[in-house]
Amino acid sequence: MEKQVPKHLMINGMTISAFNLFCLLSFSSIVPQENPLQKYNWKNRIIIIYSDNSKLSDQQLLTIQSDSAGFVDRDLLVFQLFKNHGLGPQGDVIKAEDHSWLLNKYFSKARGFQFLLIGKDGGIKLKSDKPVGNSKLFALIDGMPMRMQEMKKNQ
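Residue numbers (my numbering): 158 to 312.
The structure is reproduced here in structure tokens:
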């Protein structure tokens with residue numbers, strides 16, 4: 158008499174063990190996700206504002222808006238991250254997996270407010286737990302070798 162395999166242990170007519178099923182499901186959740194900011198490397202500088210405190214986040218956004226031309230001139234894009242969602246540079250809601258990747262990469266232990274500047278090379282250039290003024294931010298960026306080359310080329 159042939160042994161019957163329960164249907165819940167078959168995929169496309171193939172028998173799988175509980176261990177194999179576990180491995181299959183586990184592997185699908187640990188596949189490394191691509192950096193969602195990688196497409197901006199060498200094109201843009203990125204600011205990520207993480208906040209669970211809307212007062213500080215609003216203060217930072219007002220500071221940014223007060224000199225939008227300076228941000229455009231320095232190729233800056235602003236992302237906002239909150240505990241459960243995030244907004245991209247156009248105010249669009251970012252994908253859940255991108256939100257999760259960014260939180261895990263840059264803000265895994267963050268509480269309150271965090272300001273992060275990422276350079277065109279993808280490296281972290283500034284991290285602050287307080288809002289950053291435009292003059293401080295622009296002075297830092299304008300002192301970077303890549304930015305100096307950009308300014309020289311634009312003269």
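Don't be surprised by glycine CBs; every beta carbon is placed ideally from N, CA and C.
**Prompt:** Roughly how many angstroms lie between the CA atoms of TYR263 and PHE272, to the nearest whole one?
**Reply:** Sequence index remark: in the sequence shown, residue 263 carries index 106 (1-based). Sequence index remark: in the sequence shown, residue 272 carries index 115 (1-based). Computed Cα separation, rounded: 10 angstroms.
**Message:** Looking at the secondary structure, which residues open and close the beta strand (DSSP E) in which PHE272 lies?
**Reply:** Within the sequence shown, numbered from 1, the residue matching residue 272 stands at position 115. Counting along the chain, the beta strand (DSSP E) containing PHE272 begins and ends at 270 to 275.
**Message:** Please give the ranges of any alpha helix (DSSP H) in the region 202 to 272, keeping only runs that are unbroken, at least 4 residues long and fully inside the region.
**Reply:** 211 to 222, 225 to 230, 253 to 263
**Asked** Between ASN198 and GLN217, what straight-line distance do the alpha-carbon atoms span, to the nearest angstrom?
**Response** Here residue 198 is taken as the residue at index 41 of the sequence shown, counted from 1. Here residue 217 is taken as the residue at index 60 of the sequence shown, counted from 1. When rounded, the distance between both Cα atoms is 24 angstroms.
**Prompt:** Taking DSSP as the reference, what is the three-state secondary structure of LEU194?
**Reply:** On the sequence shown, residue 194 is found 37 positions in, with the first residue counted as 1. The answer is coil: DSSP assigns LEU194 none of H, G, I, E or B.
**Asked** For ASN210, which of GLN237, ASN201, LYS293, GLY276 has the nearest alpha-carbon?
**Response** Walking along the sequence shown from the start, residue 210 turns up at place 53. Checked all of GLN237, ASN201, LYS293, GLY276; the closest Cα to ASN210 is GLN237.
**Asked** Where GLN312 and LYS293 are concerned, what is the direct C-alpha to C-alpha distance, given to the nearest angstrom?
**Response** Against the sequence shown, residue 312 aligns to sequence position 155. Against the sequence shown, residue 293 aligns to sequence position 136. GLN312 and LYS293: Cα-Cα distance of roughly 23 angstroms.
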